[in-house]
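In the numbering used here, the protein residues as written are 9 to 222.
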């Protein structure tokens, strides 16, 4: 963890020396809010989460059922494509690999990509290996508390980097985790989500600075 005694510049130099600051990024001590469109309402009785596409059997959970699934707590560094980075962020939620290992989800062998489906039709794509990595989580809590609505309550994907393992091929810009997540679609072929259709990178590796698709 970074020392709270340090100012922003000192903390930024510290993570840079540790190899945790990707190119073109600057450390922030805040948690900026960035998204397209309004914050959706949350209705516990109507909310569900679906897994479909190239799976042996589609799965669906209500909010209460989803919260009974196996859970993890993870610390991650997060890096926004708008060039801010926040370090040692603490998340809690459901990890996709745990669901597969315990038989809740059984992807077909040809499933190579995952599309996150969110409220208002927002979508974002990631390779299966990213979705199964320790740098990706279906998060319900941040810093020990339920997510705030602006940050994706009740559920969002978190794409980041492990503080202990920087420079992984699985490290993605923060937009690769969708806010207000409602489902996952397993796919054989990659296809662009919302921001990818607008010109952002299909792959979005933070260490290769893959921000845009042109």
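Built from N, CA and C at the ideal position, the CB exists for glycine as well.
Query: Spatial distance of residue 6 from residue 195 (CA atoms); Result: With the chain covering 9 to 222 only, the question about residue 6 has no answer from this structure.
Query: Neighbour-count burial assignment, residue 19, 16 or more Cβ in a 10 Å radius; Result: buried
Query: With 16 other Cβ atoms within 10 Å as the buried cut-off, status of residue 141; Result: buried
Query: Exposure label - residue 133; buried when at least 16 CB within 10 Å; Result: buried
Query: The segment 182-189 touching the segment 200-212, judged by at least three CB pairs closer than 8 Å; Result: yes
Query: Test item: CB-CB of residue 83 and residue 104 under 8 Å; Result: no
Query: Length of the line joining the Cα atoms of residue 46 and residue 101; Result: 24 Å
Query: Under the three-state DSSP convention, the category residue 193 falls into; Result: strand
Query: Under 8 Å between C-beta atoms of residue 193 and residue 122; Result: yes
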